[in-house]
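Asker: Residue numbers (my numbering): 159 to 527.
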Amino acid sequence: MMSTLYKLHDRLAQLAVTFISYALSPRRRLGNPDVAKTGDHECGSSSQRTLSVQEAAAYLKDLGPEYEDIFNTSLQWILENGKDVGIRCVGYGPEEELTHITDVLFLQSTRPQMSFWCRFRRAFITVAHRLLLLCLGIVMVCVVLRYMKYRWTKEEEETRQMYDMVVKIIDVLRSHNEACQENKDLQPYMPIPHVRDSLIQPHDRKKMKKVWDRAVDFLAANESRVRTETRRIGGADFLVWRWIQPSASCDKILVIPSKVWQGQAFHLDRRNSPPNSLTPCLKIRNMFDPVMEIGDQWHLAIQEAILEKCSDNDGIVHIAVDKNSREGCVYVKCLSPEYAGKAFKALHGSWFDDLSWQVSSSRWLTRGC
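#1: Go ahead and pull the three-state DSSP assignment for residue 284.
#2: Mind the definition here: the region 493-513 touches the region 435-442 only if three or more C-beta pairs lie below 8 Å; say whether that holds.
#3: Grouping DSSP H, G and I as helix and E and B as strand, with all else coil, what is residue 349?
#4: Is residue 265 closer than 9 Å to residue 214 when the C-beta atoms are compared?
#5: Are residue 487 and residue 445 close, meaning C-beta to C-beta below 9 Å?
#6: Thinking C-beta only, is residue 386 closer than 9 Å to residue 378?
#7: Does the separation of the CB atoms of residue 399 and residue 327 fall below 9 Å?
#8: Taking the alpha carbon of residue 351 as the reference point, which residue from 220, 395 and 211 has its own alpha carbon closest?
#9: Rounded to the nearest angstrom, how far is the Cβ of residue 473 from that of residue 492, given a contact under 8 Å?
#10: Work out the CA separation of residue 274 and residue 528 for me, nearest whole Å.
#11: Can you tell me where the beta strand (DSSP E) with residue 395 in it begins and where it stops?
#12: If distances are taken between C-alpha atoms only, which option among 359, 336 and 371 comes closest to residue 324?
#13: On the premise that residue 475 lies in contact with residue 442, defined as a C-beta separation below 8 Å, what is that separation, rounded to the nearest angstrom?
#14: Exposed or buried, what is residue 232 when buried is set at 16 or more other beta-carbons lying within 10 Å of its beta-carbon?
#15: Return helix, strand or coil for residue 303, following the three-state DSSP convention.
#16: Using 9 Å as the threshold, is the C-beta distance between residue 401 and residue 335 below it?
#17: How would you write the range of the alpha helix (DSSP H) that residue 364 sits in, first residue to last?
#18: Can you tell me whether residue 491 is helix, strand or coil according to DSSP?
#19: To the nearest angstrom, how far is the alpha carbon of residue 258 from that of residue 277?
#20: Enumerate in chain order the residues of its own chain whose CB-to-CB distance from residue 376 is below 6 Å, with the five nearest sequence positions on each side excluded.
#21: Are the CB atoms of residue 368 and residue 316 nearer to each other than 9 Å?
#22: Quick check on DSSP: helix, strand or coil for residue 241?
#23: At which residues does the alpha helix (DSSP H) containing residue 211 begin and terminate?
#24: Taking the continuous beta strand (DSSP E) assigned at residue 464, which residues delimit it?
#25: Can you tell me whether residue 482 is helix, strand or coil according to DSSP?
#26: Could you give the distance in angstroms between the alpha-carbon of residue 237 and the alpha-carbon of residue 212?
#27: On the three-state DSSP scale, how would you describe residue 446?
#28: Taking the alpha-carbon positions, what's the residue 470 to residue 504 distance?
#29: Sorted by chain position, which residues of the same chain lie with C-beta nearer than 7 Å to residue 460's C-beta, five sequence neighbours on each side aside?
#30: For residue 163, which residues from the same chain have a beta carbon less than 6 Å from its beta carbon, with the 5 sequence-adjacent residues on both sides left out?
#31: Could you check which residue in 260, 255, 223 and 241 has the C-alpha nearest to that of residue 210?
#32: Out of curiosity, what's the CA-to-CA distance linking residue 228 and residue 288?
#33: Enumerate in chain order the residues of its own chain whose CB-to-CB distance from residue 355 is below 7 Å, with the five nearest sequence positions on each side excluded.
#34: Report the rounded CA-to-CA distance for residue 388 versus residue 365, giving the unit in angstroms.
#35: Taking 9 Å as the threshold (beta carbon to beta carbon), is residue 238 in contact with chain D?
#36: So what's residue 186 in DSSP terms, helix, strand or just coil?
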């Protein structure tokens with residue numbers, strides 16, 4: 159009994175293999191050597207990928223009566239076996255569960271046979287599609303990075319323009335205040351729109367609006383010498399700026415302008431003044447406060463101040479200002495250690511712009527020394 163069943167199963171499996179080899183072969187289907195439903199569908203030459211039960215039965219009838227007689231038995235065995243024998247039974251829908259051979263309407267190959275050219279083309283399309291996605295991803299990353307760099311550069315440029323605008327506004331208000339001291343008929347304030355119109359050309363006002371707004375906010379938050387008021391001018395209310403005149407006590411303090419020498423912080427002796435520098439290079443700390451410096455050429459004033467202090471020293475060959483230094487470092491290169499020692503005695507412990515300098519020998523040559 160078991161031997162008979164095994165033979166029957168082997169016969170059905172053989173029939174299934176024969177069915178998939180012939181009925182769904184790219185070489186033969188119902189006598190047509192050029193069509194294979196599944197393989198042709200995958201290769202794009204057929205709109206269908208299934209074979210109807212009627213077409214399969216007619217084809218097996220042409221092969222021989224022995225195949226036709228066990229066709230229904232083979233379908234039932236495929237449904238009950240549940241293994242992949244190369245043929246899949248399909249009903250009305252692709253996901254419909256089939257329990258009887260009457261529910262089977264189409265047969266579909268699970269191992270479509272395709273030509274070498276078709277397989278090569280499908281593999282090439284798959285690889286090209288993945289490479290395209292990879293390239294698109296790389297392009298998107300590059301675009302995002304470039305946009306971020308553009309935004310950072312634009313933000314830095316707007317910040318620089320904002321500080322320049324603040325300096326110009328202060329100069330206008332200070333000049334107007336001086337004019338008011340000479341001409342008592344002038345109003346001691348200036349409408350904000352009037353200041354804007356005097357500093358920005360008409361064709362640039364729309365482009366510079368963001369810079370102007372940031373400058374106005376900066377003055378309101380950080381400039382104590384400028385006061386914002388509301389005044390009625392010509393029947394309309396305007397926001398105005400008034401330059402606040404410093405008091406007499408403040409005048410005495412402000413007599414010393416910025417970027418000038420203010421004397422010695424302490425006297426030099428043998429303990430803090432070596433006879434000669436160890437190297438021809440000097441490192442000067444606390445020369446400036448990078449947060450308070452405005453503009454692009456502020457370092458030139460520091461270089462001029464050093465040359466002024468060392469006017470009797472002909473051995474200074476180079477001065478480098480480290481604009482990014484938090485310690486306010488400046489590097490001075492001299493012809494020899496003797497000249498460096500002379501510059502040390504002239505600079506060390508001096509007050510400059512309300513800051514006390516500290517000078518030391520330096521072997522760091524990357525700043526121009």
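Cβ atoms here follow ideal geometry from the backbone N, Cα and C, with glycine treated the same way. Source: prediction; values computed, not measured.
Answerer: Checking against the coordinates, here is how it stands:
#1: On the sequence shown, residue 284 is found 126 positions in, with the first residue counted as 1. The answer is helix: DSSP assigns residue 284 an H, G or I state.
#2: yes
#3: Position 191 of the sequence shown, counted from the first residue, corresponds to residue 349. Strand.
#4: One-based indexing of the sequence shown puts residue 214 at position 56. One-based indexing of the sequence shown puts residue 265 at position 107. Yes; because the gap between Cβ atoms is below 9 Å, this pair is in contact.
#5: Residue 487 sits at position 329 when you count from the first residue of the sequence shown. Residue 445 sits at position 287 when you count from the first residue of the sequence shown. Cβ atoms of residue 487 and residue 445: closer than 9 Å.
#6: Within the sequence shown, the letter at position 220 stands for residue 378. Within the sequence shown, the letter at position 228 stands for residue 386. Cβ distance < 9 Å, so residue 378 and residue 386 count as in contact.
#7: Residue 399 sits at position 241 when you count from the first residue of the sequence shown. Residue 327 sits at position 169 when you count from the first residue of the sequence shown. Yes, these two residues count as a Cβ contact at 9 Å.
#8: Here the question's residue 351 lines up with position 193 in the sequence shown. Here the closest residue by C-alpha is 395.
#9: The residue given as residue 473 occupies position 315 in the sequence shown. The residue given as residue 492 occupies position 334 in the sequence shown. Correct: roughly 5 Å between the Cβ atoms.
#10: For the chain, the structure presents residues 159 to 527; residue 528 sits outside this window and is missing.
#11: By 1-based counting over the sequence shown, the position of residue 395 is 237. Start and end: 394-401.
#12: Looking up residue 324 in the sequence shown gives position 166. Of 359, 336 and 371, the residue nearest in Cα terms is 371.
#13: One-based indexing of the sequence shown puts residue 442 at position 284. One-based indexing of the sequence shown puts residue 475 at position 317. Not really, about 16 Å apart at Cβ, beyond 8 Å.
#14: In the sequence shown, the residue the question calls residue 232 occupies position 74. Burial call: buried.
#15: Here residue 303 corresponds to residue number 145 of the sequence shown, with the count starting at 1. If DSSP states are grouped into helix, strand and coil, residue 303 belongs with the helices.
#16: The residue you call residue 401 lines up with position 243 of the sequence shown. The residue you call residue 335 lines up with position 177 of the sequence shown. In this structure, residue 335 lies closer than 9 Å to residue 401 by Cβ.
#17: Counting from one through the sequence shown, the residue named residue 364 turns up at place 206. Note, residue 364: premise wrong, no alpha helix (DSSP H); not H, not E.
#18: Here residue 491 is taken as the residue at index 333 of the sequence shown, counted from 1. Note: residue 491 maps to strand in three-state DSSP.
#19: As a first step, residue 258 is located in the sequence shown; it is residue number 100 there, counting from the start. As a first step, residue 277 is located in the sequence shown; it is residue number 119 there, counting from the start. Roughly 35 Å between the two C-alpha positions.
#20: Along the sequence shown, one-based indexing puts residue 376 at 218. Closer than 6 Å at the Cβ level, and outside the excluded window around residue 376, lie 324.
#21: Taking the sequence shown and counting its residues from 1, the one referred to as residue 368 is at position 210. Taking the sequence shown and counting its residues from 1, the one referred to as residue 316 is at position 158. For residue 368 and residue 316, yes; Cβs fall inside 9 Å.
#22: Within the sequence shown, residue 241 is the residue found at index 83, counting from 1. Residue 241 falls in the coil class under three-state DSSP.
#23: Position 53 of the sequence shown, counting from 1, holds the residue named residue 211. Looking at the DSSP string, the run of the alpha helix (DSSP H) that includes residue 211 is 211-221.
#24: As a first step, residue 464 must be located in the sequence shown, where it is residue number 306. Residue 464 -> not in any beta strand (DSSP E); alpha helix (DSSP H) instead, spanning 456-467.
#25: To locate residue 482, count along the sequence shown from 1; it is residue 324. In this structure, residue 482 counts as coil in the three-state DSSP scheme.
#26: Translated into positions along the sequence shown, residue 237 becomes position 79. Translated into positions along the sequence shown, residue 212 becomes position 54. The straight-line gap from Cα to Cα measures roughly 18 Å.
#27: Taking the sequence shown and counting its residues from 1, the one referred to as residue 446 is at position 288. Reduced to three states, the DSSP call for residue 446 is coil.
#28: Counting from one through the sequence shown, the residue named residue 470 turns up at place 312. Counting from one through the sequence shown, the residue named residue 504 turns up at place 346. Computed Cα separation, rounded: 10 Å.
#29: On the sequence shown, position 302 is the one that residue 460 refers to. Contacts found: 445, 446, 479 and 488.
#30: Here the question's residue 163 lines up with position 5 in the sequence shown. Unreliable positioning characterises residue 163 in this predicted model, as indicated by a pLDDT of 33, which lies under 50. A coordinate reading is not provided.
#31: Against the sequence shown, residue 210 aligns to sequence position 52. Closest by alpha carbon: 260.
#32: Along the sequence shown, read from residue 1 onward, the residue named residue 228 stands at position 70. Along the sequence shown, read from residue 1 onward, the residue named residue 288 stands at position 130. Roughly 46 Å separates the two Cα atoms.
#33: For this step, residue 355 is matched to residue 197 along the sequence shown. The answer is none, since no qualifying residue turns up.
#34: Here residue 388 refers to the residue found at position 230 when the sequence shown is read from its first residue. Here residue 365 refers to the residue found at position 207 when the sequence shown is read from its first residue. Near 26 Å, if we compare the C-alpha coordinates of residue 365 and residue 388.
#35: In the structure shown, chain D does not exist; there is a single protein chain.
#36: As a working mapping, residue 186 is identified with position 28 in the sequence shown. Residue placement at residue 186 is poorly supported in this model, since its pLDDT is 40, which falls under 50; the coordinates still yield a value, given next. The answer is coil: DSSP assigns residue 186 none of H, G, I, E or B.
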